[in-house]
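What follows is a single structure, written as C-alpha cells, with notes after it.
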Amino acid sequence: MLSRTAENLYWACRYIERAEMLARLIDVGYRIAITKKTSKYNNEWDSILSSSGVKEDFLEKYSEINQRNVEKYLCFDKNNMSSIVNCIIHTRENLRVIRTSITREVWDVINSAFQEIENFKPSNYRSSKLPNFLRWIIQRTSMLKGAIVSTQLTDDIYDFMNLGYYIERADNTIRILDVKYYILLSKDNKNIENNYQWETLLRSIAAYIQYRRIYGVNVDPRKICHFLIFNKSNPRSLLYCAENINNHVNNLCKYYNQKSLAYSSTSKLLAKYSDVTIDEIFKTGTHEFLLDYMKDIDSLNLSISSSYFDGGYNASKNYT
Amino acid sequence: MPAYNEMLNNNDSVRRPYGKVAKWIDSMHGNIFEEKHNEAKDLLKRIGITFSIYKQNDLNERLIPFDMVPRIFTSKEWDILEKGVIQRTKAINLFINDIYNSGEILKDKIIPPELIYKNKAYEPSMVGFTPPKKIFSHITGSDIVRTSNNSFMILEDNCRTPSGVSYMMQNREIMMRMFPSLFLENSISPIDDYPIFLRNMLSSVAPKKCNNNEPVIVILTPGSYNSAYYEHSFLADLMGIELVEGRDLFVEKDIVYMRTVRGRQKVDVLYRRIDDQYLDPLFFDRNSIIGVPGIMSAYRNGNITICNAPGSGIADDKAIYTYVPDMIKFYLGEKPILKNVKTWKCGNSQDLKFVKENIKDLVIKEVHGSGGHGMLIGQYSTKNQINLFLKKILKNPENFIAQPTLSLSTCPTYIKNSLEQRHVDFRPFCLQGDSIKICKGGLTRVALKENSLIVNSSQGGGVKDTWILQPKDNYAK
C-alpha cells in the first residue's frame, strides 16, 4: 500500500469520528436548551465549544456564545476546519483520492452523504431543523462504519481506518471528560446541576442507558470515570480504544512482517495505563491524568505517522 | 443532405437493429421517461462520475450528461470498424518506431521531414530508442464519425493518453442496472473485460530486465484535481493496481520505486496519464511538480516501461493525420479500410487559397488543439468571427488545417421531455502490446445542443451506452 493511501485512510476515519462526536455534543446542547428553560445555567454551549477544541477560533468570529452561533459554527461553518460539514467534506475527499482502496459500498455512503449535505444549507437553516440534521449525521456515520465492517477486507486498509477511528475517539473521550470535569468541579455548581451534567456527558457519548445497566441509576464521578476510562466493554472508554489501537498496530506488524516505532509506542501506552486505578487517578487529579493521556495519544499519532506515512524511507527501518 | 439518422430510415420506419429499443422507448409513456432520466442522474451521482472543470480556482464537480437511448452497431458494421482501427493502430505504431529509428518513410519521401523534425510533438530524447515489443502507442482511441449508411471516417487519432473508457463502462453499468430486460432481449457484446485486456497488455510490455514474476504495474495520475481523475482511479481499481502520483515515486540508480507502508517497491510498468512535458522535470519542463525526476533515464536504461511512450504524440498531430493512409500503404502494403476526412493544410499555398474561398463550408482546426477548442465552424460563424479567425490563420498558416463540415450522424436523444435528433461521434479503444485487441464497445459522445457538431464533454457534450450486437441479433425484429 502507498504511504499516502494509508494516511488518507487514517484521516478519513478521524474526520468521520469527529463529525459523529460533534453531532452528539450539539444534540445534547440542544436538548438542554429545550428542557432547561427555567434554569439560569446556560453554560452548556460554552462547554461544547471547549470540548470540541474550537472555542478560541469561535470567539474571533462571534462575540456571543449562544445556541444559534454555536450551531452555525460547529455544523456548517466552512471556515471552521472541524465543522461537521467540513468533516464530511474532508472524509469524502480523503476517500475520493484513494477510491481504489475502498469498496463501492463505502464510497456510496460517504459520497451520498456529501451530495445530500448540500440540502442542509446554512442559508435555509432553522434551529428547529437541527435535530433532523444531527440524527442524519449520526445515521450516516453509522452507515459508513457498517459498510466498512461488512464490505472491507480485514487487511491493512482496515487497520489504518480503525487506527483513525480509535485515536480520534480516545482524543474525543478525553476532551469531553476533561471539560465536563472542569465544569463539575467549579464551585458555582450545585448538586442538582452536577447530576444533570453527568447525565449529559453520558448522553453525548451515546451511553446513557448502557451506564445504568452496569452501574445503576445513580451517577457518581468515580463510576463515570471508571466507565469512560477503564470499562473494557464500553466502546468509548480509553482502555477499549488503547487496546484496539494496540491490536491494529500489531496486525500491521504481522501483516508487514516488521515492527515499527508505532508498535513500541502503543505497547508502552497500554502498559502504562493498564495498572492504574481509579484511586490513583483521583489522587493525582483527573485533569492531570487526562492531560497526560492526551499527550501520549498525540505522540502515538506522531509515531504512527513516522512509521507508515512518511514514505518508504522510514518504513523500511526495522524496530525490534 | 440531412444527416444520417442512426435509428430511423428516410421514411421514418425504424432500422432493424433498433427495433427493440424503439419498442422500449414507446413503452415509456407519460412521465416515465422523465422519471427514468432523473433516476439515471441520481445513479450517476452516487456512483461518482463527475469530471472537474476549473473555474476561478474553484473546483466544481458536475455530472457528464448521460443519455439513455443507446447507440447501436450491428456486427457487420463493427467488423469494418474493428478491422479498420486495428489496421490503423498497427501502422501508427510502425510509423512512430520508424520515425525515432531509421526513418524509412522519410527516406522514401512519403512524409516531408520538416513536418516531423519541426513538430512540437517530436521528442528528440526518444531517438534511437526502441521500447519493448516496439510499441509506442499502447492505448489508442480514434474518433470516428459516420456520414452515411456505409461511410465511417476517422476524425482524429489519439495516441497520447486517450480518455473516456470509464464512461464507456459506467454507461453500460447504468443501463444494465436500470433496464436489465433490454439486455435479455438483445445480444449485446460485453465490455467488462476491458480492464483485463488492459492489464494483460501492460504486463506484456514489461521490460526484459524485469525480474518480478508478475510485473508491478502502476497508473500515474496528475492528482485528484485532474479532470480525468475519476477514470484513473476507476481503472486502477478494476486492474487491481496502485494509483500513484509523482510524489509516490522516486528514482534511485535508474530504478523506479514507489513509496509504500512496507518500504520501497520496484515498479516495472508505468501507465501514465500525464503529458510528456510533465513526466520528468530533469528531462522536460523543469517546473513540473507532478512528474518523477529521473524516470526518463530509468526508462532509457530499460528498467521501466512507460505507456504510452513519450513522443507518441507525433502520430496524432493533425498535420501528420493526413498521411496515415499513406502509412498504411507503406508499412502494411494494405488499402486503408477506414477513410480519412479530406483535409486542407493551410501551410500549403494552394490549399490556403481554397480555404479562404470556401471558409463558409469548412471547419478550421488548430494543428495542436484539442477538446473542441481553437476551432471555427464556418457554417455557424458570423462574418466578424470568420474575419478574426482568418487573421489568426494568416499569421501562422502552418498551425491550421481545414476540413469539410461533416454531416455527423444523429441519434435520438432525450432533451426536455422529448426525443430529439442530436449529432454523435464514436471512440473505440484499441490496445497493442504483444498482440492487438479492440474492446467490443466504445464511447459514443453526443452534442446536446441542437445542430451542434461539438461533442466534447468540456463543451456541454453528453454520452451514451454503445452496443455492438452479436451476429445473430443483427436482423432481429
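Going down the list, the protein sequences come from chains A and B. Those letters in the first sequence? Residues -8 to 311, by our numbering. Those letters in the second sequence? Residues 12 to 488, by our numbering. Heads up, the beta-carbon is just placed ideally off N, CA and C, and yes, glycines get one too.
Tell me whether residue i is buried or exposed, calling it buried when 16 or more other Cβ atoms sit within 10 Å of its Cβ.
| i | result |
| --- | --- |
| valine 140 of chain A | exposed |
| valine 138 of chain B | exposed |
| phenylalanine 273 of chain A | exposed |
| threonine 275 of chain A | exposed |
| alanine 262 of chain A | exposed |
| proline 142 of chain B | buried |
| asparagine 225 of chain A | buried |
| proline 292 of chain B | buried |
| threonine 268 of chain A | exposed |
| asparagine 104 of chain B | buried |
| valine 76 of chain A | buried |
| lysine 376 of chain B | buried |
| leucine 50 of chain A | exposed |
| lysine 250 of chain A | buried |
| glycine 251 of chain B | exposed |
| tyrosine 178 of chain B | buried |
| arginine 204 of chain A | exposed |
| arginine 126 of chain A | exposed |
| leucine 126 of chain B | buried |
Can a CB atom of chain B be found closer than 9 Å to the CB of residue i?
| i | result |
| --- | --- |
| methionine 314 of chain A | There is simply no residue 314 of chain A to check, as chain A begins at -8 and stops at 311 in what is shown. |
| lysine 31 of chain A | With a pLDDT of only 49 at lysine 31 of chain A, under 50, the local geometry of the prediction cannot be trusted, and no value is derived from it. |
| alanine -3 of chain A | yes |
| valine 88 of chain A | yes |
| aspartate 146 of chain A | no |
| glutamate 84 of chain A | yes |
Answer yes or no: does any C-beta atom of chain A fall closer than 9 Å to that of residue i?
| i | result |
| --- | --- |
| valine 176 of chain B | no |
| arginine 188 of chain B | no |
| methionine 180 of chain B | no |
| tyrosine 240 of chain B | yes |
| aspartate 259 of chain B | yes |
| histidine 48 of chain B | no |
| asparagine 68 of chain B | Any answer about asparagine 68 of chain B is weak, because its pLDDT of 39 lies below 50 and its placement is not dependable; what the coordinates show is given next. Asparagine 68 of chain B does not count as touching chain A. |
| serine 24 of chain B | no |
| lysine 145 of chain B | no |
| phenylalanine 62 of chain B | The predicted position of phenylalanine 62 of chain B is uncertain, since its pLDDT is 49 and thus under 50; no value can be drawn from it. |
| lysine 56 of chain B | yes |
| glycine 234 of chain B | yes |
| glutamate 256 of chain B | yes |
| tyrosine 65 of chain B | Low local confidence applies: a pLDDT of 42 at tyrosine 65 of chain B is under 50, so the model's placement there is unreliable, with the coordinate-based value given in what follows. Not an interface residue. |
Tell me which residues share the same chain as residue i and place their Cβ nearer than 8 Å to its Cβ, disregarding the 5 neighbours each side in the sequence.
| i | result |
| --- | --- |
| arginine 188 of chain B | Leu54 |
| lysine 52 of chain B | Leu74 and Phe77 |
| proline 347 of chain B | Gly95, Gln98, Arg99, Val335, Pro336, Ile339 and Lys340 |
By Cβ distance below 7 Å, which residues in the same chain neighbour residue i in space, the five residues on each side in sequence not counted?
| i | result |
| --- | --- |
| tryptophan 36 of chain A | Gly20, Ile56, Asn57, Gln58 and Val61 |
| isoleucine 101 of chain A | Thr82, Arg83, Leu86 and Leu135 |
| leucine 168 of chain A | Leu219 and Leu281 |
| phenylalanine 44 of chain B | Tyr425 |
| tyrosine 231 of chain A | Lys223 and Asn225 |
Tell me, to the nearest whole angstrom, how far the beta carbon of residue i is from that of residue j; I am working on the premise that it is less than 8 Å.
| i | j | result |
| --- | --- | --- |
| aspartate 324 of chain B | arginine 171 of chain B | Here residue 324 of chain B is glycine; the residue named in the question, aspartate, does not match the sequence. At roughly 5 Å, the Cβ-Cβ gap stays under 8 Å, so glycine 324 of chain B and arginine 171 of chain B are in contact. |
| valine 255 of chain B | leucine -7 of chain A | 6 Å |
| serine 73 of chain A | valine 97 of chain A | Serine 73 of chain A to valine 97 of chain A, Cβ: 22 Å. No contact. |
| tyrosine 133 of chain B | glycine 322 of chain B | 7 Å |
| cysteine 66 of chain A | isoleucine 17 of chain A | 7 Å |
Cutting at 6 Å between CB atoms, please list the residues of its own chain near residue i, excluding the five before and the five after it.
| i | result |
| --- | --- |
| glutamine 288 of chain B | Phe295 and Asp296 |
| tyrosine 206 of chain A | Lys214 |
| lysine 145 of chain B | Asn108 |
| arginine 275 of chain B | Tyr268 |
| tyrosine 53 of chain A | Asn60 |
| histidine 239 of chain A | Asp150, Asn153 and Leu154 |
| aspartate 516 of chain B | Not covered by the structure: residue 516 of chain B. The range shown for chain B is 12 to 488. |
| aspartate 327 of chain B | Asp168, Asn169 and Cys170 |
| tyrosine 111 of chain B | Met137 and Val138 |
Closest Cβ-Cβ distance between residue i and chain D: below 9 Å?
| i | result |
| --- | --- |
| phenylalanine 294 of chain B | The structure shown contains no chain D; its protein chains are A and B. |
- Interfacial residues, the stretch 90 to 106 of chain A to chain B, with Cβ spacing under 7 Å: Arg90, Thr91, Trp98, Asp99, Asn102, Ser103 and Gln106
- Item | Interface positions of the stretch 240 to 254 of chain B facing chain A (Cβ-Cβ less than 7 Å), listed along the chain | Ser244, Ala247, Asp248, Glu253 and Leu254
- Message: Which residues of the stretch 288 to 301 of chain A have a Cβ closer than 9 Å to any Cβ of chain B? Give them in chain order.
- Response: Ser298, Tyr299, Phe300 and Asp301
- Message: Counting only Cβ-Cβ distances shorter than 9 Å, please list the residues of the stretch 266 to 283 of chain B near chain A, keeping chain order.
- Response: Tyr268, Met269, Arg270, Thr271, Val272, Arg273, Gly274, Arg275 and Gln276
- Message: Against chain B, which members of the stretch 230 to 249 of chain A pass a CB distance test of less than 8 Å?
- Response: Leu243, Tyr247 and Gln249
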